[in-house]
Each structure stands twice: as structure tokens, then as C-alpha cells.
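Below is one structure, written out as C-alpha cells, with a few remarks after it.
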Amino acid sequence: MVSGPLGEVDDDTVEDEVTQDGPADPPTTEKPPAAKASKAGRNLPAAIGVGVVLGAAVLVSLLLVRHVFIGIVAVAVAVGTFELAGALKRGAGINVALIPLLVGGQAIVWLSWPFGRDGTIAALVVTVLVCFVWRFRGGIDGYLRDVSASMLTAVYVPLFASFAALLVMPHDGAQRVLCFMILVVCSDTGGYIAGVLFGKHPMSPTISPKKSWEGFAGSMLTGMVGGALSVWLLLDGHWLLGAALGAALVLTATVGDLIESLIKRDLGIKDMGNLLPGHGGLMDRLDSLLPSAVVAFLLLTWFVPV
Numbered sequence: 003m004v005s006g007p008l009g010e011v012d013d014d015t016v017e018d019e020v021t022q023d024g025p026a027d028p029p030t031t032e033k034p035p036a037a038k039a040s041k042a043g044r045n046l047p048a049a050i051g052v053g054v055v056l057g058a059a060v061l062v063s064l065l066l067v068r069h070v071f072i073g074i075v076a077v078a079v080a081v082g083t084f085e086l087a088g089a090l091k092r093g094a095g096i097n098v099a100l101i102p103l104l105v106g107g108q109a110i111v112w113l114s115w116p117f118g119r120d121g122t123i124a125a126l127v128v129t130v131l132v133c134f135v136w137r138f139r140g141g142i143d144g145y146l147r148d149v150s151a152s153m154l155t156a157v158y159v160p161l162f163a164s165f166a167a168l169l170v171m172p173h174d175g176a177q178r179v180l181c182f183m184i185l186v187v188c189s190d191t192g193g194y195i196a197g198v199l200f201g202k203h204p205m206s207p208t209i210s211p212k213k214s215w216e217g218f219a220g221s222m223l224t225g226m227v228g229g230a231l232s233v234w235l236l237l238d239g240h241w242l243l244g245a246a247l248g249a250a251l252v253l254t255a256t257v258g259d260l261i262e263s264l265i266k267r268d269l270g271i272k273d274m275g276n277l278l279p280g281h282g283g284l285m286d287r288l289d290s291l292l293p294s295a296v297v298a299f300l301l302l303t304w305f306v307p308v
């Protein structure tokens, strides 16, 4: 059997055609046109569905028992660490100390509950030290490279994520996390809509070609509005502080996106994983959230005291 434009053709039929009428036309090898991707480069229905499910899980945890949110952060840290380790291995042959990072990542997140920032920093230091020792087994070649990548992973995923867990610790922690979520959703939505409708000027063509200045402006506008309303209504803070928080988170989210885009381009990969339809891997969604969680915690702690 050989494949033709209308399906499969029997070999005997082709042979008869060659014998009676000369050589048969070569089978068509043209592929059907691929489905047109969205201008923003994502499967929108799948992305929306996944976003709704993840957002609902976080919201339910905050409404029922807010410390369950720490468990959600811990699961995200484990998956994100595994994805980043796999990407480093696939793209550059880097072997991070995966087991110490997985165990230490859980300690970094969970020790923030009883011990706050002191527990988080102590767990990070121990995790890094164990990574240094763990890599002894691999010998001299690539030691500095692998240990450096392990340190990057420890800071980038569990440490940054632990600030989201720290957000939920005060008595109004649920409102603080909800405020953070609203800002992220507003920024994402405004940037997506503005980028699709008006995006003409790439922000950084070599790093992230689909990210436009128009999309950034949309993110900034909706982020500041969402920040002003959420800080005022949920935390009883001044709306100007909320607008400033929104602007800061849009900046950190954009930088986070560009950082991960640089990492992926350096590794020669498109996505960190394929866990989430329409998004790629979980790390492809956490890229903007991780640095934003740090800034949200610091600004809310300094300017909206408990």
C-alpha cells in the first residue's frame, strides 16, 4: 500500500498503471495546511479552561482553609522544579541536584508557615549546601555548571514561590493573596486583548517576538485599575497604593516572562513542559508569577501593615 492524496492506494493498481499507461504520477506529499495559530501564540479555549480551573482551586483554598493555599504552592514548586530540571537536562545536558531540590523546595515553602521568612531563608541555605555535596558523585567535569544551575533553580522556583505562601500568613492573608490574583488576572487579560487587537511594535523581537508594547500598555492600564480597586476594597488601603502595586507587578511580570523566554531560547526549547493544554508546562505559567509574588509580598508588607 502507498499513500495518495485521497488515502491509500493498492500497490497492484499502481503497477498496472505503470505497465499500461507509463509511469504513474508520484504520490502527493503536500501536507494539509496547519491550523492557524492565534495572534498571541496560544490555544485560547484551552488556556482559558486551564486558567479557570487553577484559579478556582486557589479561590476555594482561600475561602475554606487559607493555609491549604500553602499546599497548592508546594505542589506547584515540586512540578515547576521537576520541569526546569528536565528542561536544563534536555537543552544543555545540565544535571541539577534534583532530589535535594525537590526535598529542599518543600522545606522552603512549608517552613514559612511556623517560622516565617527566617524558616524560608534557613531552608534555602541548607538546600544549597546539600546541592554542593550531592554533586560530588558526578566528579569534576561540569561540577561548577551543575551546582550553579542547582542554585538558580533553588532561588528561581521554591524561594520566589515561598513569598506567595508568606502572603497568606497574616490574619488578612486570604485577602492579600486574592488581591495578588486579581492583579495578575487583570494584567494578563489586558495585555492579551491589547496585544491581539493593537499589537504592532514588538517589545523584544529577539527574545519574545509576540510580546508588544501595545500589549504592555494594556497590561499596565488594567493592572493599575485592578490594583487600585482590589487594594481599596479588599485591604482598605489607599487606591494610589493599589495603582502603584499594579504598575510594579506588571513590570515584574513582564521581566519574568522575558527571563524565562531567554532561558528557553538559550536551551533551544519552546516550552518547559506539556502539562497544561494551551499553556505548555506549569513553569510557562509561573514565569510571571514568581517574581511578582516577591514584589507583592514586599510592597504589601511595607505599605499595608497588618
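Throughout, this note's numbering is defined as the position within the sequence shown, counted from one, plus 2. C-beta atoms are modelled at their ideal positions from N, C-alpha and C, and glycine is treated no differently.
- Between Val-105 and the set Val-159, Arg-139, Val-60 and Leu-56, the nearest pair of CA atoms involves Val-159.
- Counting the other CB atoms within 10 Å of its CB gives Thr-129 a total of 16 or more, which places it among the buried residues.
- For Met-205, the uninterrupted beta strand (DSSP E) run begins and ends at 204-206, by DSSP.
- Distance from the CA atom of Leu-169 to the CA atom of Thr-256, rounded to whole angstroms, is 21 Å.
- Here Lys-212 carries a strand assignment [DSSP, helix/strand/coil].
- Taking the C-beta atoms as reference points, Gly-197 is found no nearer than 8 Å to Gly-225.
- If only complete runs of 3 or more residues are kept, the region 163-210 shows the beta strand (DSSP E) at 204-206, in order along the chain.
- C-alpha of Ala-151 to C-alpha of Val-227: approximately 38 Å in a straight line.
- Closest in alpha carbon position to Ala-295, among Cys-181, Ala-230, Leu-231 and Glu-85, is Cys-181.
- If you ignore the 5 residues before and after Thr-155, its C-beta comes within less than 7 Å of the C-beta of Thr-83, Leu-86, Ala-87, Val-98 and Leu-103, all in its own chain and listed in chain order.
- Taking 8 Å as the cut-off, the beta carbon of Ser-221 is found closer than this to the beta carbon of Gly-192.
- DSSP places Asp-286 inside the alpha helix (DSSP H), whose first and last residues are 285-305.
- With contact defined as three or more Cβ pairs closer than 8 Å, the region 61-79 and the region 264-282 are not in contact.
- Check the Cα spacing between Ala-230 and each of Leu-185, Pro-116 and Leu-199: the tightest is with Leu-185.
- The alpha carbon of Gly-201 has as its nearest neighbour, out of Pro-207, Leu-300 and Lys-213, the alpha carbon of Lys-213.
- Ala-167 is classed as buried because its beta carbon has at least 16 other beta carbons within 10 Å across all chains shown.
- With fewer than 16 neighbouring CB atoms inside 10 Å of its own CB, Val-67 falls in the exposed class.
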